[in-house]
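Chemist: Protein chains in written order, with UniProt numbering: chain R, 1 to 206; chain P, 1 to 206.
Protein chains: 2
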Amino acid sequence: MKSPKISEAVVRRLPIYLRYLNELEKNGVTTVSSQELGQRLDLNPAQIRKDLAYFGEFGKKGIGYDVGYLIEKIRNILKLNRIIPVALVGAGNLGRALCNYNAYLRDNMKIVAVFDASPDKIGQQINNLTVQPMEALAARMAELKVRIGIITVPAAEAQQVANQFVEAGVEAILNFAPVIIRVPASVRVHHADFTADLQSLAYYLD
Amino acid sequence: MKSPKISEAVVRRLPIYLRYLNELEKNGVTTVSSQELGQRLDLNPAQIRKDLAYFGEFGKKGIGYDVGYLIEKIRNILKLNRIIPVALVGAGNLGRALCNYNAYLRDNMKIVAVFDASPDKIGQQINNLTVQPMEALAARMAELKVRIGIITVPAAEAQQVANQFVEAGVEAILNFAPVIIRVPASVRVHHADFTADLQSLAYYLD
DNA sequence: TAGATTGTTAATCGATTAACAATC
DNA sequence: TAGATTGTTAATCGATTAACAATC
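1. Can you check the stretch 85–153 of chain P for any beta strand (DSSP E) of at least 3 residues that lies completely inside it and give the ranges in chain order?
2. How about P:D51 and P:R13: do their beta carbons lie closer than 8 angstroms?
3. What are the boundary residues of the beta strand (DSSP E) that includes P:D66?
4. Using the Cα positions of R:I181 and P:Y54, report the straight-line distance between them to the nearest angstrom.
5. By a C-beta neighbour count over all protein chains shown, 10 Å radius and 16 as the cutoff for buried, is P:D120 buried or exposed?
6. In angstroms with no decimal places, state the Cα-to-Cα distance between R:Q124 and P:L70.
7. Give the single residue among R:A91, R:G68, R:G149 and R:Y20 whose Cα lies nearest to the Cα of R:A168.
8. At which residues does the alpha helix (DSSP H) containing R:V10 begin and terminate?
9. Leaving aside the five residues before and after P:K2 along the sequence, list all residues of the same chain whose C-beta is less than 6 angstroms from its C-beta, in chain order.
10. Give the interface partners of P:L24 over in chain R, defined as CB-CB distance under 9 angstroms, in chain order.
11. Determine the DSSP secondary structure at P:V29, reduced to helix, strand or coil.
12. Applying the 10 Å Cβ sphere with the 16-neighbour rule, what's the burial state of R:Q132?
13. Distance cutoff 8 angstroms, beta carbons only. Does R:I83 sit that close to anything in chain P?
14. If I follow the unbroken alpha helix (DSSP H) through R:N44, where does it start and stop?
15. Within 8 angstroms (strictly less), CB to CB, does R:R96 reach chain P?
16. Work out the CA separation of P:M134 and P:A87 for me, nearest whole Å.
17. Measure from the C-beta of R:R49 to each C-beta in chain P and report whether the shortest distance is under 8 angstroms.
18. Rounded to whole angstroms, what is the Cα-Cα separation between P:G64 and P:F58?
19. If the cut is a Cβ gap below 7 angstroms, which residues of chain P does R:V11 touch?
20. Does the Cβ of P:R82 have 16 or more other Cβ atoms within 10 Å, making it buried, or fewer, making it exposed?
21. If P:G90 sits next to P:T152, beta carbons under 8 angstroms apart, how far is it from one beta carbon to the other, in whole angstroms?
22. If the criterion is Cβ atoms closer than 8 angstroms, does the pair P:M109 and R:A202 meet it?
23. In this structure, does DSSP put P:M1 in helix, strand or coil?
24. Run through DSSP, which three-state label would P:L174 get?
25. What number of angstroms, rounded off, separates the C-alpha of R:A155 from the C-alpha of R:R147?
26. Leaving aside the five residues before and after R:A192 along the sequence, list all residues of the same chain whose C-beta is less than 8 angstroms from its C-beta, in chain order.
27. What residues from the stretch 37–61 of chain P come within 8 angstroms of chain R, judged by C-beta to C-beta, listed N to C?
28. Using a threshold of 7 angstroms, is the CB atom of P:N108 nearer than that to any non-hydrogen atom of the ligand ATP?
29. First and last residue of the alpha helix (DSSP H) that includes P:V166?
30. From what residue to what residue does the alpha helix (DSSP H) around R:L78 run?
31. Would you tell me roughly how many angstroms separate the C-alpha atoms of P:Q160 and P:V166, rounded to the nearest one?
32. From P:I84 to R:D206, what distance separates their C-alpha atoms?
33. Rounding to the nearest angstrom, what Cα-Cα distance links R:C99 and P:V29 in this structure?
34. Can you pull out the residues from the stretch 166–185 of chain P whose beta carbon lies closer than 9 angstroms to at least one beta carbon of chain R?
35. Could you name the residues of the same chain whose beta carbon sits closer than 6 angstroms to that of P:I111, not counting the 5 residues immediately before and after it, in chain order?
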């Protein structure tokens, strides 16, 4: 584990590797080469080797990578070796959908609290979680040691929610609202913006 | 409209510009500079000017860009000047959430058909749409001239659904299933992969 | 006119890919 | 040993940013 700055592009590929490796393991495959990985994931094998080499020498020359060993290494790199508590604000359709993905988001990311501003949402049950009022956010997040926040409120409210998350000491935010939110540089934000995704696809129509 | 190949990075920023310009227009702002845009969208002004200049000379030196005019230009570039019919497969939580975003996805992207394989989903009503069986997909999509497909089924079924979309003549696919799908080069695929998004955020935790 | 801002070229920066010695 | 595949350096490619003449 040296420390040349790792680019975001590299970090974003690690979960993709991890997911496929998990599948391989489930199927009883014990070894895989960068070539096979690249073929399946539509990536250049040299890129995969380089990505992994940033973090250590995980492969064996002439053989490839041990699937189980590589899974463990990547999980450690991504800090998925312990449960990461996540909070979500916005108990609308999308918010509920994400909560139900908790199963999918195994690998230790777990939504442990859901908040909403609307009185008719508060108290609703989602998947074992009770929707809490926004007033409870700070205290509850501290209590649960939440480190990542998910925003699934309308665009107009997203920045405000982000501010509350930051206030509550969140280290990273995943924003689904179709608006760019601004936070201090110490907080990482990813924008999951499917309206923009969809619109950019339209460009490629004949 | 010349034709140097436009990079995907550029195309992905256009909807971001469009969205903010729409907001400006709603607020009665008639002119905006690349500097103001950049400030708000967290982008370099030179990059914004360059992006736009690929498609024409939309600004006025010394003045900036006319908001209404630029909106129209970008909508044309993105082909959002006519309604684009979209189909969705997978009427689970996420699928339903996306259908309800139809309002959000104004700007002429419209989900016009929803399909699911599960008997207890078929016939359900979502937002004025009735969930159709997979057997109806090809015929219905032809009828409605659907050009873009959205996949919100579990990972295991995603590739199969993609194949059916391709078969049905779709030109682009937005895939929400946490798996890389493969399609002919003539079809554009975007992966909206929030599990990967979320996991990559974990990397930045202290 | 003076100030502002575009469009565009050149410079920089960073990411991807190719190539190959090391070695299992 | 011969064949395969890594880790890594060098070459390429592409995207971002700076700079500035043109001009509103």
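We put the beta carbon where it would ideally sit given N, CA and C, even for glycine.
Modeler: If we stick to the structure as given:
1. 109–116 and 148–151
2. yes
3. G64 to D66
4. 27 angstroms
5. exposed
6. 44 angstroms
7. R:G149
8. E8 to K26
9. Confidence is the limiting factor: at P:K2 the pLDDT is only 40, short of 50, which leaves the residue's position unreliable, though a coordinate-based value still follows. Here the set comprises nothing.
10. Result: empty, since nearest Cβ-Cβ is about 13 angstroms, beyond 9 angstroms.
11. coil
12. buried
13. no
14. No alpha helix (DSSP H) contains R:N44, which DSSP labels as neither H nor E.
15. yes
16. 12 angstroms
17. no
18. 9 angstroms
19. S200 and Y203
20. exposed
21. 4 angstroms
22. yes
23. Because the pLDDT at P:M1 is just 39, under 50, the model does not fix this residue reliably, and the value given afterwards should be weighed accordingly. Of the three classes helix, strand and coil, the one that applies to P:M1 here is coil, per DSSP.
24. strand
25. 22 angstroms
26. L174, N175 and F176
27. R40, L41 and D42
28. Ligands displayed in this structure: none; no statement on the ligand ATP is therefore possible.
29. A155 to E167
30. Segment: none, R:L78 is in no alpha helix (DSSP H) and carries neither H nor E.
31. 10 angstroms
32. 12 angstroms
33. 39 angstroms
34. E171, A172, I173, L174, F176, P178, V179, I180 and R182
35. V86, L88, C99 and N102
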